[in-house]
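Structure first, commentary second.
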Amino acid sequence: MEFSLRKAVETDVEFLLELRETTMGQYLREVGMPAGREAYLERVHYAFDQAEIIVINDAPAGLFKAQFNPEINERYLVQIQLHPDYQGKGIAHRLISTLINKADSSGSTVGLSVIKTNPAQRLYSRLGFERVGETDFEYLMQYTPAKTA
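Position 18 of the sequence shown, counting from 1, maps to 18 under UniProt numbering, and the rest follow consecutively.
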């Protein structure tokens, strides 16, 4: 499925709030994490300057947010959310693979956290992420590029 990315702007916030509830609300409530407009707004605005809207057929379909921390040489997948109509079509796989390719070429790691009940952790494992820690609610996962001789 074809898609493009564009920078998120403030007029995307309502879409992003709805997307968060649709894609994450169940998992947040299952583990007892804050769910609701206030919590969603805080999450949407976190690293908003890095947020990109996934666009399919000229309409917003998801969110991709990643950042690079040069101090620890880590790319961090802050958020990836796709409307259920577009899940399972390889979009998240391709976006995360692009992040992994950047890490491989620069020797950086890729980190993320995933709610313990979120089935997306299977995708992360298939892409080479390993659990490196956990909190009460989330698994901390990391992709480490293979060392070359």
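Here a beta-carbon is modelled for each residue, glycine too, at the ideal position from N, C-alpha and C. Just so you know, these numbers come straight off a predicted model, no measurement behind them.
Legend entry - Among ASN57, ARG43, ASP58, the one whose alpha carbon lies nearest that of residue 152: The requested residue 152 does not occur in the structure, where the chain is confined to residues 1 to 149.
Inset, instruction - Answer yes if the segment 15 to 28 comes into contact with the segment 110 to 127, meaning at least three C-beta pairs across the two stretches below 8 angstroms, and no otherwise. - result: As far as the Cβ criterion goes, the segment 110 to 127 touches the segment 15 to 28, which means the pair count is three or higher.
Legend entry - C-beta contact flag for LYS65 and VAL78 at 8 angstroms: Cβ atoms of LYS65 and VAL78: closer than 8 angstroms.
Legend entry - GLY32 versus GLU2: straight-line alpha-carbon distance, rounded: Roughly 36 angstroms between the two C-alpha positions.
Inset, instruction - Measure the Cβ-Cβ separation of ILE96 and LEU127 and say whether it is below 8 angstroms. - result: The answer is yes: Cβ separation under 8 angstroms.
Inset, instruction - Can you give me the Cβ contacts of PHE137 inside the same chain, cut-off strictly under 8 angstroms, excluding the 5 residues immediately before and after it? - result: So the qualifying residues of the chain are VAL31, GLY32, MET33, ILE115, LYS116.
Inset, instruction - Measure the C-alpha to C-alpha separation of ALA149 and PRO60 and round it to an integer number of angstroms. - result: In this prediction, ALA149 has a pLDDT of 45, which is less than 50 and means its spatial position is unreliable; what the coordinates show is noted afterwards. Whole-angstrom Cα-Cα distance: 43 angstroms.
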